[in-house]
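A.B. asks: Input: one structure, supplied below.
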Amino acid sequence: MALNLLEQQALVELDLPQTRPFRLGEHLSAVRLSSVVFLLGLWEIFGRHVNPLFLSYPSAIGRAFLQVVVTQEFQRSALSSLQVFAIGLIAALALGIAVGLLMGRYRLAEYLLDPYVYALDATPRVALIPILLLWFGLGATSKIVIVFLSGLFPVLMNTFSGVRTVSAQLVEVGRAYGAGERKLFTKVILPAALPFIMAGIRLAVGRALIGIITAEMFTAVTGMGALLVRYSSALATDKFFVPVILLALLGVALSSIVEKLQKKLAPWKETERAL
Amino acid sequence: MALPSNEEMIEMLGLRRERRWSIYDHPNLIRLASVTVFMLLWEYFGRKTDPILFTYPSAVAEAFVKLVASGELIQQLAVSLSALAVGFLVSLVLGVALGLALGMSRVTEAFFDPLINALYATPQVALTPLLMMWLGLGFSVKVSVVFLFAFFPILINTASGARNVSAAMVEVARAYLAPPRQILFKVICPAALPFIMAGVRIAVGRALVGMIVAELFTAITGLGAMLSLYGNIFETAKMFVVIVVLAFLGIVLIRATQWLERRLATWKETERAVG
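Going line by line, the protein sequences match chains C and D. Here the first sequence stands for residues 702 to 976, numbered as in our numbering. Here the second sequence stands for residues 129 to 403, numbered as in our numbering.
Rendered as structure tokens:
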């Protein structure tokens, strides 16, 4: 900003401070960094004084991390968890989207199915774990079913409400131009409902993760959840935190992937809303 | 001559016709038929299966009457509900108080941000074994698991509600020389209430899941323990009773929060329309 001579002179005479005073509010990332350092430091100091059977501390967890990650037992558990998770989630997405589309588009399907969908959606899925274990055993099948049920309803409900909010005008214009039912689904309804579906998928990923951990903790045979139970009953607190941290990272990674996908696949969400 | 009214015009032109009876005008009829057929099929096929693995509606109803008559169901329900209520109230009070503190100061928020995000990203189920190690198998572990599940949605929503209070409102209050206390209770709290209630709605569902998870693993008292125990002795019908009660509880809790949300935060819609 160019100032004329008079203004510059006035500024000099007023002797205003040239630099802005330091304000903590302008250095938020520094605050964040110092918070991480401070809390980890506090944990380290405090944790060293506590019986290691009850609480570990960051450096011990770091050491345990390096020890645990290379073991075969851990790699096998992680792999089996991921496999079960992937199969169950993919099945949930496929069925959830299909049934959601049907229920959103056809009223007969809606009225026939919605009593069950609402009832099952309201049932806390964890409550079904004991009975699913009874039916499907302690192996991979029951875990897949639990992941499937955990992920199914968020996708289904979101797809359903997404299809319901597709504007009737869009469908009518499509029909006026001679689009058949199939074209309507693939070219009008599905794209319009996509932002909702993606939001449902994001919810489903988180729920499915909780589902698989609970199921594995309850069966305590294989997978990351079983490791959690094993380490905690062996009072190996430092090792216990390794799967916890990895699961947290997995959750964050998955939800950010879905978020990126959402932006890529359904970039019209914002403009749609603005209109 | 007076012009005929619209009604008379319709009569004269013979436009009024009986609407053809359509099944779509009676969705509850379809629902009823669907549920009846399902229940009959379940009853018919359920009687043919091994009662250890599967059950049928009349057996579930019988088990329900038995469990209520013996007082077991009511007693365990009371145990579960008290853990749920205490844990939820603690998370509500702490979540709202801390959320307001975080939402009003950017520095405080930046300081606690990493900790909160890390804890929120961790699947809370994974921490249950650790809590059981620390707190044993009693009431306190259930309360703390419920707290852990319900706290973060309330905290995060309250903070974002307090952060989104329009600066103009706060400034008007300040211009009228309102003391900070009044600004907090008369401006920020009411403006953040819709956000808080949205957090409460999420938290209620999660608190229920937390309660069940804690009871499944401790397996001593409460509805979750009943599930776990009856699963171990293959009393499928009694397991179904507990599942149905939990589903019912889920529906009641969600409905109650929705009702509360409508009652308490009526200005949400107008606010949005104005802003």
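Glycine included, each C-beta is placed from N, C-alpha and C at the ideal position. No experiment lies behind these values; they were computed from the predicted model shown.
Excluding the 5 residues preceding and the 5 following L756/C in the sequence, name in chain order all residues of the same chain whose CB lies nearer than 7 Å to its CB.
C.D. replies: The count along the first sequence starts at 1 and reaches residue 756/C at position 55. Counting only Cβ-Cβ distances below 7 Å, and skipping sequence neighbours, we find G748, T938.
A.B. asks: Rounded to the nearest angstrom, how far is the Cβ of F369/D from that of F192/D, given a contact under 8 Å?
C.D. replies: In the second sequence, residue 369/D corresponds to position 241, counting from 1. In the second sequence, residue 192/D corresponds to position 64, counting from 1. A small fix is needed here, since residue 369/D is Val in this sequence, not Phe. Rounded, the Cβ-Cβ distance is 5 Å, consistent with contact.
A.B. asks: If you draw a straight line from the C-alpha of E135/D to the C-alpha of S862/C, how long is it?
C.D. replies: Against the second sequence, residue 135/D aligns to sequence position 7. Against the first sequence, residue 862/C aligns to sequence position 161. About 37 Å.
A.B. asks: Which first and last residues belong to the alpha helix (DSSP H) in which G289/D is found?
C.D. replies: In the second sequence, residue 289/D corresponds to position 161, counting from 1. Taken as a continuous stretch (DSSP letters only), the alpha helix (DSSP H) holding G289/D covers 267-291.
A.B. asks: Please report how far the alpha carbon of F279/D lies from the alpha carbon of R175/D, in whole angstroms.
C.D. replies: The residue labelled residue 279/D in the question sits at position 151 within the second sequence. The residue labelled residue 175/D in the question sits at position 47 within the second sequence. Their Cα atoms are separated by approximately 44 Å.
A.B. asks: Below 9 Å between beta carbons is the criterion; list the residues of the segment 802-828 of chain C that meet it against any residue of chain D, in chain order.
C.D. replies: Cβ contacts with chain D: R808, L809, E811, Y812, L813, L814, D815, P816, Y817, Y819, A820, L821, D822, A823, T824, P825, R826, V827, A828.
A.B. asks: Assuming V848/C and A909/C form a contact by the criterion Cβ under 8 Å, report the distance between their Cβ atoms to the nearest whole angstrom.
C.D. replies: If you number the first sequence from 1, residue 848/C lands on position 147. If you number the first sequence from 1, residue 909/C lands on position 208. Right, the Cβ-Cβ distance comes to about 5 Å (below 8 Å), so this counts as a contact.
A.B. asks: Within the same chain, show all residues whose beta-carbon is closer than 6 Å to that of L936/C, passing over the 5 residues directly before and after it, in chain order.
C.D. replies: The residue labelled residue 936/C in the question sits at position 235 within the first sequence. Within the same chain, L936/C has close Cβ partners L754.
A.B. asks: Where do the N-terminal and C-terminal ends of the alpha helix (DSSP H) with E363/D fall, by residue?
C.D. replies: Working through the second sequence from its first residue, we reach residue 363/D at position 235. Where E363/D is concerned, there is no enclosing alpha helix (DSSP H), given that its DSSP letter is neither H nor E.
A.B. asks: If you compare alpha carbons, which of L951/C, P896/C, P892/C, S843/C is closest to V906/C?
C.D. replies: Looking up residue 906/C in the first sequence gives position 205. Comparing Cα positions, the closest option is L951/C.
A.B. asks: Does DSSP put F239/D in a helix, in a strand, or in coil?
C.D. replies: Along the second sequence, read from residue 1 onward, the residue named residue 239/D stands at position 111. Helix, per DSSP.
A.B. asks: Pull up the distance between the alpha-carbon of A254/D and that of R876/C, whole angstroms please.
C.D. replies: Residue 254/D sits at position 126 when you count from the first residue of the second sequence. Residue 876/C sits at position 175 when you count from the first residue of the first sequence. In a straight line, the C-alpha of A254/D is about 51 Å away from that of R876/C.
A.B. asks: K964/C lies in the alpha helix (DSSP H); which residues open and close that run?
C.D. replies: Locating residue 964/C in the first sequence gives position 263, counting from the first residue. Residues 938-966.
A.B. asks: For G142/D, name the three-state secondary structure that DSSP assigns.
C.D. replies: Numbered from 1 along the second sequence, position 14 holds the residue referred to as residue 142/D. Three-state result, G142/D: coil.
A.B. asks: Which bits of chain C does R159/D rub up against, with CB to CB less than 8 Å?
C.D. replies: On the second sequence, position 31 is the one that residue 159/D refers to. The contacting residues are Y812, L813, D815, P816.
A.B. asks: My understanding is that G805/C touches R865/C, with C-beta atoms under 8 Å, so please give their C-beta distance in whole angstroms.
C.D. replies: Sequence index remark: in the first sequence, residue 805/C carries index 104 (1-based). Sequence index remark: in the first sequence, residue 865/C carries index 164 (1-based). With a Cβ gap of about 5 Å, G805/C and R865/C count as contacting.
A.B. asks: Leaving out five residues before and five after L336/D in sequence, what residues of the same chain have Cβ atoms less than 8 Å from its Cβ?
C.D. replies: Taking the second sequence and counting its residues from 1, one reaches residue 336/D at position 208. Once the five neighbours on either side are set aside, the close Cβ partners of L336/D are L212, L374, L377, G378, L381.
A.B. asks: Since I believe V273/D is in contact with V315/D (beta carbons under 8 Å), could you give me their beta-carbon distance rounded to a whole number of angstroms?
C.D. replies: Translated into positions along the second sequence, residue 315/D becomes position 187. Translated into positions along the second sequence, residue 273/D becomes position 145. Their Cβ separation, rounded to whole angstroms, is 35 Å, which puts V315/D and V273/D out of contact at 8 Å.
A.B. asks: Can you tell me whether V889/C is buried or exposed, with buried defined as 16 or more other CB within 10 angstroms of its CB?
C.D. replies: Indexing the first sequence from 1 puts residue 889/C at position 188. With 16 or more other Cβ atoms within 10 Å, it is buried.
A.B. asks: With 8 Å as the C-beta to C-beta threshold (strictly closer), list the residues of the segment 316-345 of chain D near chain C in chain order.
C.D. replies: Those residues of the segment 316-345 of chain D that come within reach of chain C (Cβ to Cβ, closer than 8 Å) are G333, L336, V337, I340, V341, L344, F345.
A.B. asks: Under 8 Å between beta-carbons, which chain C residues line up against I371/D? List them in chain order, please.
C.D. replies: Locating residue 371/D in the second sequence gives position 243, where the first residue counts as 1. Under the 8 Å cutoff, chain C gives T824, A828, L829, I832.
A.B. asks: Hey, P281/D and I244/D: beta-carbon distance below 8 Å or not?
C.D. replies: Looking up residue 281/D in the second sequence gives position 153. Looking up residue 244/D in the second sequence gives position 116. Contact flag unset, no.
A.B. asks: Which residues in chain D have a C-beta closer than 9 Å to the C-beta of I958/C? List them in chain order.
C.D. replies: Looking up residue 958/C in the first sequence gives position 257. Per Cβ cutoff of 9 Å: no residues; I958/C is ~14 Å from chain D at best.
A.B. asks: Which chain C residues sit within Cβ distance under 8 Å of G359/D?
C.D. replies: In the second sequence, counting from the first residue as 1, residue 359/D sits at position 231. The contacting residues are P831, I832, L834, L835.
A.B. asks: Does DSSP put Y184/D in a helix, a strand or coil?
C.D. replies: Residue mapping note: residue 184/D aligns to position 56 of the second sequence, counting from 1. Note: Y184/D maps to coil in three-state DSSP.
A.B. asks: With distances taken from CA atoms, which of R808/C, E917/C, G763/C, Q963/C is nearest V785/C?
C.D. replies: Residue 785/C sits at position 84 when you count from the first residue of the first sequence. Selected option, being the one with the closest Cα: E917/C.
A.B. asks: Using a beta-carbon distance cut-off of less than 9 Å, what residues from the segment 916-928 of chain C approach chain D?
C.D. replies: Against chain D - using a Cβ distance shorter than 9 Å - the residues of the segment 916-928 of chain C are M918, F919, M925, G926.
A.B. asks: Any beta-carbon of chain D closer than 8 Å to the one on A765/C?
C.D. replies: As a first step, residue 765/C must be located in the first sequence, where it is residue number 64. Not an interface residue.
A.B. asks: Determine, for L948/C, whether the minimum Cβ-Cβ distance to residues of chain D falls below 8 Å.
C.D. replies: As a first step, residue 948/C must be located in the first sequence, where it is residue number 247. Chain D contact via Cβ: present.
A.B. asks: Tell me, please, whether the segment 187-207 of chain D touches the segment 286-304 of chain D by the rule of three or more beta-carbon pairs shorter than 8 Å.
C.D. replies: No, the segment 187-207 of chain D does not touch the segment 286-304 of chain D.
A.B. asks: Using a Cβ-Cβ cut-off of less than 7 Å, give me the residues of the segment 707-732 of chain C that come near chain D, in sequence order.
C.D. replies: Cβ contacts with chain D come from L725, G726, L729, V732.
A.B. asks: With 16 other CB atoms within 10 Å as the buried threshold, where does R391/D fall?
C.D. replies: Here the question's residue 391/D lines up with position 263 in the second sequence. Its Cβ having fewer than 16 others within 10 Å, R391/D is exposed.
A.B. asks: Against chain D, which members of the segment 735-764 of chain C pass a CB distance test of less than 9 Å?
C.D. replies: Hits within the stretch, in order: S735, S736, V737, F739, L740, L754, F755, L756.
A.B. asks: Are at least three pairs of beta-carbons, each pair with one atom in the segment 880-896 of chain C and one in the segment 833-843 of chain C, less than 8 Å apart?
C.D. replies: As far as the Cβ criterion goes, the segment 880-896 of chain C does not touch the segment 833-843 of chain C, which means the pair count is below three.
A.B. asks: Mapping the DSSP letters down to three states, classify F854/C as helix, strand or coil.
C.D. replies: Position 153 of the first sequence, counted from the start, is the residue given in the question as residue 854/C. DSSP places F854/C in helix when its eight states are reduced to three.
A.B. asks: Going along chain D in order, which residues have a C-beta closer than 7 Å to the C-beta of G789/C?
C.D. replies: Here the question's residue 789/C lines up with position 88 in the first sequence. Going along chain D, no residue has its Cβ under 7 Å from G789/C, so there is no contact; the nearest lies around 15 Å.
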